[in-house]
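**Q** Quick one: this structure, given as structure tokens, is what I'll be asking you about.
Protein chains: 2
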Amino acid sequence: MNRKPPTSQKRLAGSRERQASKADQVYREIKHSILSGALSPGAAIDKIALCERLGVSRFPVTAAINRLAFERLVVIEPQHGSFVARIASRDVREWMLIRRALESEIAREAGRALPAEIMGEIERNLRYQQAAAAAGDVAGFYALDVDFHKLIVDGLGLKQAREILDGLRSHLERVRRILLSPPGRLPSAYSEHSRIAAAIGRGDAAGAAEAMRAHLDETTAIFERIAADHPETFIG
Amino acid sequence: MNRKPPTSQKRLAGSRERQASKADQVYREIKHSILSGALSPGAAIDKIALCERLGVSRFPVTAAINRLAFERLVVIEPQHGSFVARIASRDVREWMLIRRALESEIAREAGRALPAEIMGEIERNLRYQQAAAAAGDVAGFYALDVDFHKLIVDGLGLKQAREILDGLRSHLERVRRILLSPPGRLPSAYSEHSRIAAAIGRGDAAGAAEAMRAHLDETTAIFERIAADHPETFIG
DNA sequence: CTCTAGCGTCTGGCATGCTAGTGCGATAAT
DNA sequence: ATTATCGCACTAGCATGCCAGACGCTAGAG
Numbered sequence: 001m002n003r004k005p006p007t008s009q010k011r012l013a014g015s016r017e018r019q020a021s022k023a024d025q026v027y028r029e030i031k032h033s034i035l036s037g038a039l040s041p042g043a044a045i046d047k048i049a050l051c052e053r054l055g056v057s058r059f060p061v062t063a064a065i066n067r068l069a070f071e072r073l074v075v076i077e078p079q080h081g082s083f084v085a086r087i088a089s090r091d092v093r094e095w096m097l098i099r100r101a102l103e104s105e106i107a108r109e110a111g112r113a114l115p116a117e118i119m120g121e122i123e124r125n126l127r128y129q130q131a132a133a134a135a136g137d138v139a140g141f142y143a144l145d146v147d148f149h150k151l152i153v154d155g156l157g158l159k160q161a162r163e164i165l166d167g168l169r170s171h172l173e174r175v176r177r178i179l180l181s182p183p184g185r186l187p188s189a190y191s192e193h194s195r196i197a198a199a200i201g202r203g204d205a206a207g208a209a210e211a212m213r214a215h216l217d218e219t220t221a222i223f224e225r226i227a228a229d230h231p232e233t234f235i236g
Numbered sequence: 237m238n239r240k241p242p243t244s245q246k247r248l249a250g251s252r253e254r255q256a257s258k259a260d261q262v263y264r265e266i267k268h269s270i271l272s273g274a275l276s277p278g279a280a281i282d283k284i285a286l287c288e289r290l291g292v293s294r295f296p297v298t299a300a301i302n303r304l305a306f307e308r309l310v311v312i313e314p315q316h317g318s319f320v321a322r323i324a325s326r327d328v329r330e331w332m333l334i335r336r337a338l339e340s341e342i343a344r345e346a347g348r349a350l351p352a353e354i355m356g357e358i359e360r361n362l363r364y365q366q367a368a369a370a371a372g373d374v375a376g377f378y379a380l381d382v383d384f385h386k387l388i389v390d391g392l393g394l395k396q397a398r399e400i401l402d403g404l405r406s407h408l409e410r411v412r413r414i415l416l417s418p419p420g421r422l423p424s425a426y427s428e429h430s431r432i433a434a435a436i437g438r439g440d441a442a443g444a445a446e447a448m449r450a451h452l453d454e455t456t457a458i459f460e461r462i463a464a465d466h467p468e469t470f471i472g
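This is the structure we're talking about:
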């Protein structure tokens, strides 16, 4: 008997959340370890230890590592081992180039048509940013910073771009964790964010794109300086 | 005994081509079937038949399908089946938006600094395009079109962007195969390509970005019209 | 005739054992 | 002491068997 394609739209679409498989859990666990820095670049990943620690067989672990290899967070060397990917400063530059291209285009789109309620959320986020910057709350500001950028993308319903940007952020996050960014940047980052939001708010598409570009150019410069100051952390 | 991270740069880097694993072969096989249209959107993928036809066990097939699910070419419904992903016209629009953002930024970069020998290859490619357009050779022109865009990205050594764009092209290629694009577009596509190359050649970064943007806006319009003419092929 | 409840069959998810290939280290030869 | 060689221990890749869940069909109740 042949099974059918999903009849009409339906099924568990939205209604029931498909529970996370074991492979998903292992994936999240390893990914978190890598992003938090618990697993350093170049470190070997001991599958068997993971199996025992998480109480699963090698199958979910293998699947999870394959997924991580697909997004370039680990490299698999056949018949040798799996290792946490090293960071090449060349790649960091390219990630920022891609991010700049995407986010400035998205800001342009947002300047053309962004739902009003999203604009309200952005303004609220900005007020929190101001508070966090004033208090020198680096961790809080960073979380708000990430939310700010996500709000714009999600506000336009751009799912694919959101995924690409999340992937880029994963890699960049790893750099940021290892080498903390300077706290003195908070106020200027806040004002750059404000300029972006203002341009979007007044429907100035070109201005929004340009403001986002300038903002990410600044961010790129920070990464460049960090990389130059810590040459031992990078390859290439 | 703990294994070590890859000693210095090392190993089979470039020297020995790492042979394709069975999972890789299966991956390529299925992907080709999907992109060529042999497997229609929504079709069920029969793992066991694939196992027998390719003479492998279910493991490589499962790994391959997982990878394809990761790049959204198939959807896995747990305990039910694996299906070729359907195409949403909304996604097509977003793919083109991402492509426009990336490629126009890359064209800008190319206008700033593109190696001379790459520029030579591009000009050669353009001459072939002209010949193909004059002869009405649609298939040949399409191949040259793809190469034209790849030449610019690869000429700048942008590996990550190249991968993202290849992923996008996979999806868009599927649309193009199903619904052939109008042959009358060849000459105009050629002249748009020429404008892009000319701007890059004279080091006009802003002009190159703008020409690429205009070119992909045209392409987007084609896709939009195709989608409007064939509403039954798309969902959403 | 309609609707519901249960069963059967198919699927993907997972566990486990085996194979082939790799780098490292010890040992031997110079 | 230095270098070449061989073996060993470990890895990822693969095959296979089992399990639980989801869908479709059917039989029975209304």
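Chains as they are written, first to last, in the working numbering: chain R, 1 to 236; chain L, 237 to 472.
We put the beta carbon where it would ideally sit given N, CA and C, even for glycine.
Going by DSSP, which residues form a beta bridge with S82/R?
**A** DSSP lists I76/R as partners of S82/R.
**Q** In terms of residue numbering, what span does the alpha helix (DSSP H) encompassing T233/R cover?
**A** No alpha helix (DSSP H) contains T233/R, which DSSP labels as neither H nor E.
**Q** From the DSSP output, which residues share a beta bridge with A49/R?
**A** A49/R pairs with nothing; no bridge assigned.
**Q** Classify E94/R as buried or exposed, calling it buried when 16 or more other Cβ atoms lie within 10 Å of its own Cβ.
**A** Under this definition E94/R is a buried residue.
**Q** Can a CB atom of chain R be found closer than 8 Å to the CB of S251/L?
**A** Low per-residue confidence applies at S251/L: pLDDT is 36, beneath 50, and the placement is therefore not dependable, though the value from the model is reported in the following sentence. No, S251/L does not count as interfacial toward chain R.
**Q** 8 Å is my cut-off, CB to CB: does D327/L come that close to chain R?
**A** Chain R contact via Cβ: present.
**Q** Mind checking the segment 101–126 of chain R against chain L and listing, in chain order, the residues whose C-beta falls within less than 8 Å of any C-beta there?
**A** Cβ contacts with chain L come from A101, L102, S104, E105, I106 and E109.
**Q** Tell me the DSSP bridge mates of A44/R?
**A** F83/R.
**Q** Could you pull the start and end residues of the alpha helix (DSSP H) that S257/L belongs to?
**A** That residue, S257/L, is in no alpha helix (DSSP H); it is neither H nor E in DSSP.
**Q** Comparing the C-beta of M1/R with each C-beta of chain L, is any distance below 8 Å?
**A** Residue placement at M1/R is poorly supported in this model, since its pLDDT is 47, which falls under 50; the coordinates are not used for a value here.
**Q** Roughly how many whole angstroms lie between the Cα atoms of R225/R and Q160/R?
**A** Each residue's alpha carbon lies about 31 Å from the other.
**Q** Expressed to the nearest angstrom, what Euclidean distance is found between the alpha-carbon atoms of Y27/R and V262/L?
**A** Roughly 23 Å between the two C-alpha positions.
**Q** Where does the unbroken alpha helix (DSSP H) through S417/L begin, and where does it stop?
**A** No alpha helix (DSSP H) holds S417/L; DSSP gives it neither H nor E.
**Q** Using three-state DSSP, classify A113/R as helix, strand or coil.
**A** Correct three-state label for A113/R: coil.
**Q** Please list, in chain order, the residues of the segment 208–233 of chain R that have any C-beta partner in chain L closer than 7 Å.
**A** So the list is empty, because no residue satisfies the distance condition.
**Q** Does DSSP classify A290/R as helix, strand or coil?
**A** Residue coverage of chain R in this structure runs from 1 to 236, which leaves residue 290/R outside it and unanswerable.
**Q** Since L102/R and L338/L should fall inside the 8 Å C-beta cutoff, what is the C-beta to C-beta distance between them, to a whole number of angstroms?
**A** With 8 Å as the limit, L102/R and L338/L qualify as a contact, their Cβ atoms being about 7 Å apart.
**Q** What does the Cβ neighbour count give for V320/L, buried or exposed, with the cut at 16 atoms within 10 Å?
**A** Buried.
**Q** I222/R and A211/R look like a contact to me (Cβ under 8 Å); what is the Cβ gap, rounded to whole Å?
**A** Going by Cβ atoms, the distance from I222/R to A211/R rounds to 17 Å, so no, they are not a contact pair.
**Q** Give the interface partners of F306/L over in chain R, defined as CB-CB distance under 7 Å, in chain order.
**A** Within chain R, the residues near F306/L are R67 and F70.
**Q** For A299/L, would you say it is in contact with chain R, using Cβ-to-Cβ distances shorter than 8 Å as the test?
**A** Interface residue, yes.
**Q** E94/R versus chain L: which residues are under 8 Å apart at the beta carbon?
**A** Near E94/R (Cβ distances below 8 Å), the residues of chain L are L394, K395, Q396 and A397.
**Q** Should S188/R go down as buried or exposed, given a rule of 16 or more other Cβ atoms within 10 Å for buried?
**A** The residue is exposed, with fewer than 16 neighbouring Cβ atoms inside 10 Å.
**Q** What do you get for V310/L, buried or exposed, if any count of 16 or more other CB atoms within 10 angstroms of its CB means buried?
**A** Flag for V310/L reads buried.
**Q** Are the C-beta atoms of A20/R and some chain L residue less than 8 Å apart?
**A** Not closer than 8 Å to any Cβ of chain L, the Cβ of A20/R fails to qualify, so no.
**Q** Return no unless some Cβ of chain R is closer than 8 Å to the Cβ of L422/L.
**A** Judged by the 8 Å Cβ criterion, L422/L is not in contact with chain R.
**Q** Can you give me the Cβ contacts of T456/L inside the same chain, cut-off strictly under 6 Å, excluding the 5 residues immediately before and after it?
**A** Around T456/L: M332.
**Q** Please name the residue, chosen from S318/L, H268/L and E399/L, that lies closest to G167/R on a Cα-to-Cα basis.
**A** Checking every option, the nearest Cα to that of G167/R belongs to E399/L.
**Q** Check the C-beta distance from A227/R over to V138/R and give it rounded, since I have them as a contact under 8 Å.
**A** About 20 Å separates the two Cβ atoms, so there is no contact after all.
**Q** Determine whether the Cβ of I164/R lies closer than 8 Å to any Cβ atom of chain L.
**A** Yes, contact with chain L.
**Q** Should E34/R be flagged as near chain L, meaning a C-beta pair shorter than 8 Å?
**A** First, the amino acid is wrong: residue 34/R is Ile here, not Glu. No, no contact with chain L.
**Q** Output yes or no for whether 8 Å exceeds the beta carbon distance between I301/L and I270/L.
**A** No. Outside cutoff.
**Q** If the cut is a Cβ gap below 9 Å, which residues of chain L does I178/R touch?
**A** By Cβ distance, chain L contributes nothing, its closest Cβ being about 16 Å from I178/R, past 9 Å.
**Q** Check whether the segment 49–56 of chain R and the segment 343–363 of chain L touch, using three or more Cβ-Cβ pairs below 8 Å as the test.
**A** No contact exists between the segment 49–56 of chain R and the segment 343–363 of chain L.
**Q** Taking the alpha carbon of S325/L as the point to measure from, which residue in D440/L, R410/L and A450/L has its own alpha carbon closest?
**A** The shortest C-alpha separation from S325/L is found at R410/L.
**Q** Counting C-beta neighbours from all protein chains within 10 Å, is the total for E218/R 16 or more, i.e. buried, or is it exposed?
**A** That one is exposed.
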